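Notes follow once the structure below has been shown.
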Amino acid sequence: MASTSIASDMTGKLITHDERAAFTMMGIKLTPKVTAADTAGAFSLIEQVVSPGSGSPPHILHEGHKIIYVVDGSFNILVGNQVVPAGPGDVAILPEGLLHNFRNVGDVPGKILVCLFPGGHEEFLLALSQVAQNGPPSKTVMAEVAGRYHVEMRA
Numbered sequence: 083m084a085s086t087s088i089a090s091d092m093t094g095k096l097i098t099h100d101e102r103a104a105f106t107m108m109g110i111k112l113t114p115k116v117t118a119a120d121t122a123g124a125f126s127l128i129e130q131v132v133s134p135g136s137g138s139p140p141h142i143l144h145e146g147h148k149i150i151y152v153v154d155g156s157f158n159i160l161v162g163n164q165v166v167p168a169g170p171g172d173v174a175i176l177p178e179g180l181l182h183n184f185r186n187v188g189d190v191p192g193k194i195l196v197c198l199f200p201g202g203h204e205e206f207l208l209a210l211s212q213v214a215q216n217g218p219p220s221k222t223v224m225a226e227v228a229g230r231y232h233v234e235m236r237a
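Just add 82 to wherever you are in the sequence shown, counting from 1, and you've got the working numbering.
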């Protein structure tokens, strides 16, 4: 099998389970496990522990692709115009330009791993969490922050 390099200046490393600071936003605890800085911008990996009833608003990435892997819990994932149930071991592939979101539909916190290509989406989530410190931001504020990161929020 031929090797394809996604980031020729990426170096090997081990990132320990407690090395990265978590932040919380709208019922979701987010921990950037692998950042764009770790991968020369190639990808990011974010662990998300999602409270029951919480999730992301519908949105579209205009620059990048996303994979959601369900570790624990019961989720509904919007893939384009279809809501699909997802549980442990299920994977959603969400290419650039596709409307999507996720919601924990279970009674206990659920966990997902979100991989984004290219990396850097953690910066968007951190910026959004800062405007959401005192509760959910207005749609106008959310759209303004999202637009800076080529993300389109939908109602």
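Every residue gets a Cβ at the ideal spot worked out from N, C-alpha and C, and that includes glycine.
All values derive from a computational prediction rather than experimental measurement.
Endpoints, the beta strand (DSSP E) within which residue i is located
{"i": "T222", "result": "Where T222 is concerned, there is no enclosing beta strand (DSSP E), although the alpha helix (DSSP H) it sits in stretches over K221 to R230."}
{"i": "L195", "result": "G192 to F199"}
Residue i, enclosing alpha helix (DSSP H) - first and last residue
{"i": "S211", "result": "H203 to V213"}
Proximity of residue i and residue j at Cβ, strictly below 7 Å
{"i": "M108", "j": "P191", "result": "no"}
{"i": "V152", "j": "G137", "result": "no"}
{"i": "T113", "j": "S126", "result": "no"}
{"i": "F199", "j": "H147", "result": "yes"}
{"i": "E204", "j": "I128", "result": "yes"}
Buried or exposed (CB count within 10 angstroms, at least 16 for buried), residue i
{"i": "K95", "result": "exposed"}
{"i": "V196", "result": "buried"}
{"i": "I110", "result": "buried"}
{"i": "V233", "result": "buried"}
{"i": "T106", "result": "exposed"}
{"i": "V223", "result": "exposed"}
{"i": "G201", "result": "buried"}
{"i": "Q130", "result": "buried"}
{"i": "N216", "result": "exposed"}
Supposed close pair residue i, residue j - CB separation, criterion 8 Å
{"i": "V161", "j": "H182", "result": "6 Å"}
{"i": "I194", "j": "F184", "result": "7 Å"}
{"i": "I142", "j": "R236", "result": "7 Å"}
Own chain partners of residue i with C-beta closer than 8 Å, once the 5 adjacent residues on each side are dropped
{"i": "H144", "result": "E178, G179, H232, V233 and E234"}
Nonlocal neighbours in the same chain, by C-beta distance under 7 Å from residue i, ignoring five residues either side
{"i": "G188", "result": "P134, G155 and S156"}
6 Å CB neighbourhood of residue i in its chain, flanking five on each side removed
{"i": "V173", "result": "Y151"}
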